[in-house]
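**Student:** Residue numbers (the working numbering): 45 to 474.
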Ligand SMILES: [Zn+2]
Ligand SMILES: [Zn+2]
């Protein structure tokens, strides 16, 4: 029977059988079929004669339960061992202060506003915001094929540090420290999460993100992030919130063998707490980059980007950044510092990425999905084999589905094995 074969196969890649069953039973029919077809195709009657499935050898698809989508993995293409080519470390020639930078302290921006002479973090409304706060009427009598809805919001910029030539990664290493230099960034996320909806009662979702490096379209090297507040929940978090809710309510996931006893504060199964526990209890922790008292950083099993990283709470449900204790804020700052430092050390360059926080919508968005929200951070870095070779989602990936060669386990090992000291600090010493 195909179903049994499918489960047996997925067991071979090291995941608990119960997990695979959970998927097969729990998800929408389309996915169940996808799963069964994906793993069992061609392995019908005579699979005893077929070679056993090996996730480091055989092309296979991996399922992303957050977005309920698939990624094709082609590990046989990375059979050759990691070349370990020595990258020439890329130094930085940027000044600590740039009089032309619109983010440096005390500088005048194009709109005429002047930045504070800030010494820690600095937060201001984006002069070129993608959204506007005023309400407009919805267009009437729309054809179902040509639909629109008004979008309201405000956009802000957070300068992470007054120094023009520093990145989050560099703030991990002496003379800087995450406790002193990254904690204030998380505290500003907390302030924003509280303040924006209070001042703008229409705001339902707050998207915090950072675009780092020109490869990700970031035009200014000054360390900064962005905050877009919106009167709706955008596609990605909305999809994920629905998945978290569906996972929690799925009867198949009530089984402690599936949820591993990792439940939210209502005692309901929590997908991301279960994932944290699963990753931390898997022998050898093949996808774990690091863990501390409150958070774990992994290369997710279903990663699309070569060195994609997911940071999730490991102990309890934290719906939003405001629910964090002071100790949790410190732990988060430390793990962000270590992740970004190690990413830079992979190719000894300032590793470009898009980083984003997903969390509970604001209290105004009173959807039941809220209850199942779990704060987490995604890092999507595009580099592939070196500082100059990046991955593009083109061809098959644009037309069919994402694909990767390097497995999540190989990527996790590469990142994990990197030094905790930022390469630039080592360069300066030598
Ligand atoms: Zn600057
Ligand atoms: Zn997410």
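Even for Gly, the Cβ is constructed at its ideal location relative to N, Cα and C. A quick note: this is a predicted structure, and the numbers were derived from the prediction, not measured.
1. Helix, strand or coil for residue 460 per DSSP?
2. I need the boundaries of the alpha helix (DSSP H) containing residue 349, first residue and last residue.
3. Should residue 285 be counted as a contact of ligand 2 given a C-beta to heavy atom distance under 7 Å?
4. DSSP on residue 282, reduced to helix/strand/coil?
5. For ligand 1, any of its heavy atoms closer than 7 Å to the Cβ of residue 266?
6. Measuring from the CB of residue 208, is there a heavy atom of ligand 1 at a distance below 7 Å?
7. What residue range does the alpha helix (DSSP H) around residue 319 cover?
8. Under the rule that 16 or more other beta-carbon atoms within 10 Å means buried, what is residue 245, buried or exposed?
9. Using a Cβ-based criterion (distance less than 7 Å to any ligand heavy atom), does residue 110 qualify as near ligand 2?
10. Any chance you could list the beta strand (DSSP E) runs of at least 3 consecutive residues sitting entirely within the region 355–416, in chain order?
11. Return yes when the C-beta of residue 420 is under 7 Å from any heavy atom of ligand 3, and no when it is not.
12. Using three-state DSSP, classify residue 65 as helix, strand or coil.
13. Output the boundary residues of the beta strand (DSSP E) element that contains residue 255.
14. Distance check for residue 278 and residue 238, CA to CA, integer angstroms please.
15. Residue range of the alpha helix (DSSP H) that residue 442 falls in?
16. CB of residue 142 to nearest heavy atom of ligand 1: below 7 Å?
17. For residue 450, name the three-state secondary structure that DSSP assigns.
18. Helix, strand or coil: how does DSSP classify residue 296 here?
19. Would you mind stating whether residue 169 and residue 196 have Cβ atoms separated by less than 8 Å?
20. Please state whether the Cβ-Cβ distance between residue 345 and residue 256 is less than 8 Å.
21. Are residue 320 and residue 306 closer than 8 Å when you measure CB to CB?
22. With a threshold of 8 Å on Cβ separation, who are the neighbours of residue 155 within its own chain once the five nearest residues in sequence on each side are excluded?
23. By the DSSP assignment, the beta strand (DSSP E) with residue 201 in it spans what residues?
24. Looking at the secondary structure, which residues open and close the beta strand (DSSP E) in which residue 141 lies?
25. Please report the distance separating the alpha-carbon of residue 72 from that of residue 284.
26. Tell me whether residue 310, by its Cβ, gets closer than 7 Å to a heavy atom of ligand 2.
27. Looking only at its own chain, which residues have a Cβ that is under 8 Å from the Cβ of residue 213, when we skip the five neighbours before and after it?
28. Quick check on the burial criterion: 16 or more other C-beta atoms within 10 angstroms. Buried or exposed for residue 471?
29. State the CB to CB distance for the pair residue 227 and residue 373, rounded to an integer number of angstroms; the pair is presumed to be in contact (CB under 8 Å).
30. With DSSP collapsed to three states, give me the class of residue 467.
31. Check whether the Cβ of residue 145 sits closer than 7 Å to any heavy atom of ligand 1, and report yes or no.
32. Spell out the partners DSSP gives residue 169 in its beta bridges.
33. In chain order, what residues of the same chain lie with their CB nearer than 6 Å to the CB of residue 334, ignoring the 5 residues before and after it?
34. At the level of alpha carbons, what is the spacing between residue 401 and residue 94?
35. Determine, using beta-carbon pairs with one atom in the region 104–115 and one in the region 286–303, whether at least three such pairs fall under 8 Å.
**Tutor:** Well, looking at it:
1. Position 416 of the chain shown, counted from the first residue, corresponds to residue 460. Three-state result, residue 460: helix.
2. Here residue 349 refers to the residue found at position 305 when the chain shown is read from its first residue. For residue 349, there is no enclosing alpha helix (DSSP H), since its DSSP letter is neither H nor E.
3. In the chain shown, residue 285 corresponds to position 241, counting from 1. No, the beta carbon of residue 285 sits no closer than 7 Å to any heavy atom of ligand 2.
4. In the chain shown, residue 282 corresponds to position 238, counting from 1. It is helical.
5. Here residue 266 is taken as the residue at index 222 of the chain shown, counted from 1. Yes - ligand 1 has a heavy atom lying nearer than 7 Å to the Cβ of residue 266.
6. Reading the chain shown from its first residue, position 164 is the one you call residue 208. Yes, the beta carbon of residue 208 sits closer than 7 Å to at least one heavy atom of ligand 1.
7. Start at 1 with the first residue of the chain shown, and residue 319 comes out as number 275. Here the alpha helix (DSSP H) through residue 319 covers 315–325.
8. Numbered from its first residue, the chain shown carries residue 245 at position 201. By the 10 Å Cβ count, residue 245 comes out exposed.
9. Position 66 of the chain shown, counted from the start, is the residue given in the question as residue 110. It does: the Cβ of residue 110 is within 7 Å (strictly closer) of some heavy atom of ligand 2.
10. If we require 3 residues or more, the beta strand (DSSP E) runs fully inside the region 355–416 come out as 397–402.
11. Only ligand 1 and ligand 2 can be found as ligands here, which leaves ligand 3 out of the picture.
12. Indexing the chain shown from 1 puts residue 65 at position 21. Because residue 65 sits at a pLDDT of 39, beneath the cut-off of 50, its placement in the model cannot be relied upon, and the following sentence gives the value as read from the coordinates. DSSP, reduced to helix, strand and coil, places residue 65 within a helical segment of the structure shown.
13. What you label residue 255 is simply residue 211 of the chain shown in a count that begins at 1. Unbroken beta strand (DSSP E) run through residue 255: 249–256.
14. The count along the chain shown starts at 1 and reaches residue 238 at position 194. The count along the chain shown starts at 1 and reaches residue 278 at position 234. Distance between the alpha carbons of residue 238 and residue 278 is about 19 Å.
15. Counting from one through the chain shown, the residue named residue 442 turns up at place 398. Here the alpha helix (DSSP H) through residue 442 covers 440–443.
16. Within the chain shown, numbered from 1, the residue matching residue 142 stands at position 98. Checking every heavy atom of ligand 1 against the Cβ of residue 142, one is found closer than 7 Å.
17. Locating residue 450 in the chain shown gives position 406, where the first residue counts as 1. Residue 450: coil per DSSP, three-state reduction.
18. As a first step, residue 296 must be located in the chain shown, where it is residue number 252. The answer is helix: DSSP assigns residue 296 an H, G or I state.
19. Within the chain shown, numbered from 1, the residue matching residue 169 stands at position 125. Within the chain shown, numbered from 1, the residue matching residue 196 stands at position 152. In this structure, the beta-carbon distance from residue 169 to residue 196 does not fall below 8 Å.
20. Taking the first residue of the chain shown as position 1, residue 345 is located at position 301. Taking the first residue of the chain shown as position 1, residue 256 is located at position 212. Residue 256 sits away from residue 345, with the two beta carbons spaced by 8 Å or more.
21. By one-based count along the chain shown, residue 320 stands at place 276. By one-based count along the chain shown, residue 306 stands at place 262. With contacts defined by Cβ atoms closer than 8 Å, residue 320 and residue 306 form a contacting pair.
22. Along the chain shown, one-based indexing puts residue 155 at 111. Only residues of its own chain outside the window of five on either side were considered, and among them 171 have a CB closer than 8 Å to the CB of residue 155, listed in chain order.
23. Locating residue 201 in the chain shown gives position 157, where the first residue counts as 1. Residues 197–203.
24. Numbered from 1 along the chain shown, position 97 holds the residue referred to as residue 141. It is not in any beta strand (DSSP E) - residue 141 carries neither H nor E in the DSSP assignment.
25. As a working note, residue 72 is residue 28 in the chain shown. As a working note, residue 284 is residue 240 in the chain shown. Its pLDDT being 38, under 50, residue 72 is placed unreliably in this model, and the value from its coordinates should be taken loosely. A straight-line Cα-Cα distance of about 15 Å links residue 72 and residue 284.
26. In the chain shown, residue 310 corresponds to position 266, counting from 1. Every heavy atom of ligand 2 is 7 Å or more from the Cβ of residue 310, so no.
27. Residue mapping note: residue 213 aligns to position 169 of the chain shown, counting from 1. Exclusion of the five residues before and after residue 213 leaves 381, 384, 385, 387, 388, 394, 395 and 466 as the residues of its chain whose Cβ lies within less than 8 Å of its Cβ.
28. Residue mapping note: residue 471 aligns to position 427 of the chain shown, counting from 1. Exposed is the call here.
29. By one-based count along the chain shown, residue 227 stands at place 183. By one-based count along the chain shown, residue 373 stands at place 329. About 6 Å separates the two Cβ atoms, so the contact holds.
30. Along the chain shown, one-based indexing puts residue 467 at 423. In this structure, residue 467 counts as helix in the three-state DSSP scheme.
31. Numbered from 1 along the chain shown, position 101 holds the residue referred to as residue 145. Checking every heavy atom of ligand 1 against the Cβ of residue 145, one is found closer than 7 Å.
32. As a position in the chain shown, residue 169 is number 125, starting the count at 1. According to DSSP, residue 169 bridges with 200.
33. Along the chain shown, read from residue 1 onward, the residue named residue 334 stands at position 290. Excluding five sequence positions before and after residue 334, the CB atoms of its chain that fall closer than 6 Å to its own CB belong to 341 and 382, given in chain order.
34. For the purposes of this step, residue 401 is identified with residue 357 of the chain shown, where counting begins at 1. For the purposes of this step, residue 94 is identified with residue 50 of the chain shown, where counting begins at 1. Cα to Cα, residue 401 sits roughly 43 Å from residue 94.
35. Contact check between the region 104–115 and the region 286–303: three or more CB pairs, one atom from each, fall below 8 Å, which counts as touching.
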